[in-house]
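A.B. asks: Residue numbers (our numbering): 56 to 594. Can you keep this structure in mind? I'll have questions shortly.
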Amino acid sequence: MDGSQILTTVLFLAVVAVTIGITFWASRQTKTAADYYAGGRGFSGFQNGLAIGGDYMSAASFLGISGAIALSGYDGFLYSIGFLVAWLVALLLVAEMLRNSGRYTMADQLAYRMKQRPVRLAAATSTVVVSIFYLLAQMVGAGALVALLLGVEDQAVKNIVILFVGALMIFYVTVGGMKGTTWVQIVKAVLLMTGSALIVILVLAQFGFNLSELLGSAADASGKGDAFLQPGLKYGLSFTSELDFVSLGLALVLGTAGLPHILIRFYTVPTSADARKSVLWAIGLIGVFYLFTLVLGFGAAALVDPSTLDKAGNLAAPLLAQEVGGGEGSVGGAVLLALIAAVAFATILAVVAGLTLTSSVSVAHDIYNSVIKRGKATEKEEMKVSRWAAAGIGLVAILLAIPAQSLNIAFLVALAFAVAASANLPAIIYNMFWARFNTRGAVWSIYGGLISCVGLVFFSPVVSGKVDPATGDSLSLFPAGIDFSWFPLENPGIISIPLGFFLGWLGTVTSKEPETAERYVELEVRALTGAGSEKAITH
56 MDGSQILTTV LFLAVVAVTI GITFWASRQT KTAADYYAGG RGFSGFQNGL
106 AIGGDYMSAA SFLGISGAIA LSGYDGFLYS IGFLVAWLVA LLLVAEMLRN
156 SGRYTMADQL AYRMKQRPVR LAAATSTVVV SIFYLLAQMV GAGALVALLL
206 GVEDQAVKNI VILFVGALMI FYVTVGGMKG TTWVQIVKAV LLMTGSALIV
256 ILVLAQFGFN LSELLGSAAD ASGKGDAFLQ PGLKYGLSFT SELDFVSLGL
306 ALVLGTAGLP HILIRFYTVP TSADARKSVL WAIGLIGVFY LFTLVLGFGA
356 AALVDPSTLD KAGNLAAPLL AQEVGGGEGS VGGAVLLALI AAVAFATILA
406 VVAGLTLTSS VSVAHDIYNS VIKRGKATEK EEMKVSRWAA AGIGLVAILL
456 AIPAQSLNIA FLVALAFAVA ASANLPAIIY NMFWARFNTR GAVWSIYGGL
506 ISCVGLVFFS PVVSGKVDPA TGDSLSLFPA GIDFSWFPLE NPGIISIPLG
556 FFLGWLGTVT SKEPETAERY VELEVRALTG AGSEKAITH
């Protein structure tokens, strides 16, 4: 092991040690279900804004978007725009009202005026599926990152890294709960913004702080000329690719407001004003970060040898850090590569902890307590089930991440956004703004959006049939030669999102369930004022 690898290993271990220390500290503060699920509702708007940023600025943002820009130029930057604009939907439609009308999970808000068991089961199922899609992206990023740093191409080593990350995330959730996870996310957000700002300054310094010169150099180095800076390089090749772009945009812009690991963060603040403040801080933080990805992506295109990039582009940001530090073999390059890799690893750890916590809480609170035990489980029993659920979800994510390592992680996250926008968002919007909405409508919209979205992905080029025209290598989950794809788009949002809304309407108007106008008025008052939101939502 050379000096740079020793430095990398030390920084990695330091990050892991700090996060484990935070988790143990938080475990001593976690005594009740409110502590475990919502951090005792004791975080300020600023702290929660940092934590939301830490949750949202995932490995997909840092590694995947930078790689997408480095490979596809302008079309890659569309991911950044979509992720950022999505926050306006979350702020205007969801954040404050959800905080006021729920308790621990998205299903609390949905089940308030409907039949508890079917709605909670549907919401919990959707939460787990979205979380697993998102977890895949983080764990694929971890495998690629550590393999680069240790200088190994052995697939077995990458698989071991994925196992290690899975074990760590299970530890964070089972020991630290929401309090530990939130503090890990806050620390990670500060590290990520600091590390990204450092690399951005060094990249801009190479071009005399002239953004135009940076973009021109990136276009020249890409070999694609001005087309690299124009729309259409990836999504303008045919009518199908243009349709895929519209579908991707819909998923990104509408998906954030339905992401369960973001929604659960609104329950960790004491008041609705703090929930609103959280989102404003998060928008500022995330907005600056996505401007950073512009420089990181085009900087990688301009300065990094394309032959050193992996085919998914996930290593663009770490390789750029090495390049601006002095190049491969230099002390500066080794230090910056190790620093950015440690920050990226902290990013992965924080996000996987948040995702695992969200899905395990939903399993314990919505399925175990409300569906199986009919609301009669004790807090202690519920927390125990949540910890076991975290272990199970972590294991599933590990097993699915291993074959998904050939896919770009920003793209994997876009699929999670599509599921969230198709299954969760229609039910949330209808429930808050349509008095007639009922149990059948909620169940049909959630399951309909979920099944259509996942089904279309399974029969799309993401899973089979997509090959690299130059090398013949498979760009899908299945190897080359296996092709059962019939749905032409890689992101199904353009079909599954309208279908989720349509099924929510159809289920409602065909149901003979008596209207619950009185419950809707109570929910509306609660959503607008927060009155009574601290109480258990059962009926």
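Note that the Cβ used here is the ideal one computed from N, Cα and C, for glycine as well.
The ligand ADP heavy atoms versus the CB of Val149: any closer than 7 Å?
C.D. replies: The ligand ADP is not among the ligands present in this structure, which contains no ligands whatsoever.
A.B. asks: Give the straight-line distance between the Cα atoms of Val70 and Ala397, rounded to the nearest whole angstrom.
C.D. replies: Whole-angstrom Cα-Cα distance: 7 Å.
A.B. asks: Following the continuous alpha helix (DSSP H) through Leu269, name the residue where it begins and the one where it ends.
C.D. replies: 266 to 277 is the extent of the alpha helix (DSSP H) around Leu269.
A.B. asks: On the DSSP bridge assignment, give the partners of Ser540 in chain order.
C.D. replies: Ser540 pairs with nothing; no bridge assigned.
A.B. asks: Tell whether a beta-carbon distance below 8 Å holds between Ala572 and Arg320.
C.D. replies: No.
A.B. asks: Would you call the stretch 176 to 196 and the stretch 443 to 454 touching, i.e. three or more CB-CB distances under 8 Å?
C.D. replies: The stretch 176 to 196, when compared against the stretch 443 to 454, does touch it at the 8 Å Cβ threshold.
A.B. asks: Rounding to the nearest angstrom, what Cα-Cα distance links Ala591 and Leu165 in this structure?
C.D. replies: With a pLDDT of 41 at Ala591, under the threshold of 50, the predicted position of this residue should be treated as unreliable, and no value is reported.
A.B. asks: For the alpha helix (DSSP H) containing Thr236, list its first residue and its last residue.
C.D. replies: Per DSSP, Thr236 belongs to the alpha helix (DSSP H) from 232 to 261.
A.B. asks: Quick check on this structure: which residue in Leu394, Ile552, Leu68, Gly100 has the alpha carbon closest to the alpha carbon of Tyr322?
C.D. replies: Checked all of Leu394, Ile552, Leu68, Gly100; the closest Cα to Tyr322 is Gly100.
A.B. asks: State the CB to CB distance for the pair Trp560 and Gly504, rounded to an integer number of angstroms; the pair is presumed to be in contact (CB under 8 Å).
C.D. replies: In fact, because the Cβ distance is near 12 Å, the residues do not count as touching under 8 Å.
A.B. asks: Which residue wins for smallest C-alpha separation from Ser540, given the options Phe533, Pro534, Leu558, Phe514?
C.D. replies: Of the candidates Phe533, Pro534, Leu558, Phe514, the one whose C-alpha sits nearest the C-alpha of Ser540 is Phe514.
A.B. asks: Alpha carbon to alpha carbon, how far is Asn424 from Lys213? Give it in angstroms, no decimals.
C.D. replies: Answer to the nearest angstrom: the Cα atoms are 38 Å apart.
A.B. asks: Can you tell which of Thr326, Lys428, Val390, Gly313 has the C-alpha that lies nearest to the C-alpha of Ala469?
C.D. replies: Checking every option, the nearest Cα to that of Ala469 belongs to Gly313.
A.B. asks: What runs of the beta strand (DSSP E), each 3 residues or longer, lie entirely inside the stretch 498 to 561?
C.D. replies: Correct list: empty.
A.B. asks: Ignore the nearest five residues each way along the sequence and tell me which others in Ala471's own chain have a CB closer than 6 Å to its CB.
C.D. replies: So the list reads Val185, Phe188, Tyr189, once near-sequence residues are dropped.
A.B. asks: Go through the stretch 333 to 392 residue by residue and report every complete run of the alpha helix (DSSP H) that reaches 4 residues or more, in order.
C.D. replies: Those alpha helix (DSSP H) runs which fall completely within the stretch 333 to 392 and span 4+ residues are 371 to 379.
A.B. asks: Between Gly339 and the rest of its own chain, which residues show a CB-CB distance below 7 Å, the 5 nearest in sequence each way excluded?
C.D. replies: Here the set comprises nothing.
A.B. asks: For the stretch 176 to 229, which segments carrying the alpha helix (DSSP H) assignment without a break, of at least 4 residues, lie completely within its bounds, in sequence order?
C.D. replies: Whole alpha helix (DSSP H) segments, 4+ residues: 210 to 226.
A.B. asks: Under the three-state reduction of DSSP, which class applies to Gln171: helix, strand or coil?
C.D. replies: Of the three classes helix, strand and coil, the one that applies to Gln171 here is helix, per DSSP.
A.B. asks: Note down the Cα distance separating Gly310 from Asp299, rounded to an integer number of angstroms.
C.D. replies: Roughly 16 Å between the two C-alpha positions.
A.B. asks: Apply the 10 Å Cβ neighbour rule to Trp142 and answer buried if 16 or more other Cβ atoms are within range, or exposed otherwise.
C.D. replies: Trp142 is buried by the Cβ-count criterion.
A.B. asks: If we count the other Cβ atoms within 10 Å of its Cβ and call it buried at 16 or more, is Ala328 buried or exposed?
C.D. replies: Result: exposed.
A.B. asks: What's the gap between the Cα of Gly380 and the Cα of Phe226?
C.D. replies: Cα to Cα, the separation comes out at about 34 Å.
A.B. asks: Would you mind reading off the limits of the alpha helix (DSSP H) that contains Phe138?
C.D. replies: Where Phe138 is concerned, the enclosing alpha helix (DSSP H) stretches over 129 to 144.
A.B. asks: Using three-state DSSP, classify Thr411 as helix, strand or coil.
C.D. replies: Three-state result, Thr411: helix.
A.B. asks: Tell me where the alpha helix (DSSP H) around Phe300 begins and ends.
C.D. replies: Segment 294 to 310, the alpha helix (DSSP H) holding Phe300.
A.B. asks: Would you mind working out which of Ala525, Gly548, Val518 sits nearest Leu480, comparing C-alpha positions?
C.D. replies: Of Ala525, Gly548, Val518, the residue nearest in Cα terms is Gly548.
A.B. asks: Output yes or no for whether 8 Å exceeds the beta carbon distance between Leu605 and Met233.
C.D. replies: For residue 605 there is no data in the structure shown, the boundaries of the chain being 56 and 594.
A.B. asks: Please report how far the alpha carbon of Arg168 lies from the alpha carbon of Val407, in whole angstroms.
C.D. replies: Going by the C-alpha atoms only, they are around 32 Å apart.
A.B. asks: According to the neighbour-count rule (16 or more other Cβ atoms, all chains shown, within 10 Å of its Cβ), is Arg581 buried or exposed?
C.D. replies: Buried, by the Cβ-count rule.
A.B. asks: Can you confirm whether the stretch 137 to 151 touches the stretch 368 to 383 when touching is taken to mean that 3 or more C-beta pairs between the two stretches lie within less than 8 Å?
C.D. replies: These segments do not touch.
A.B. asks: Taking Leu530 and Asp523 to be in contact with their CB atoms under 8 Å, please state how far apart those CB atoms are, rounded to whole angstroms.
C.D. replies: Their Cβ separation, rounded to whole angstroms, is 6 Å, which keeps Leu530 and Asp523 in contact under 8 Å.
A.B. asks: Taking the alpha carbon of Leu375 as the point to measure from, which residue in Ala401, Phe347, Thr402 has its own alpha carbon closest?
C.D. replies: When only C-alpha atoms are compared, the closest one is Phe347.
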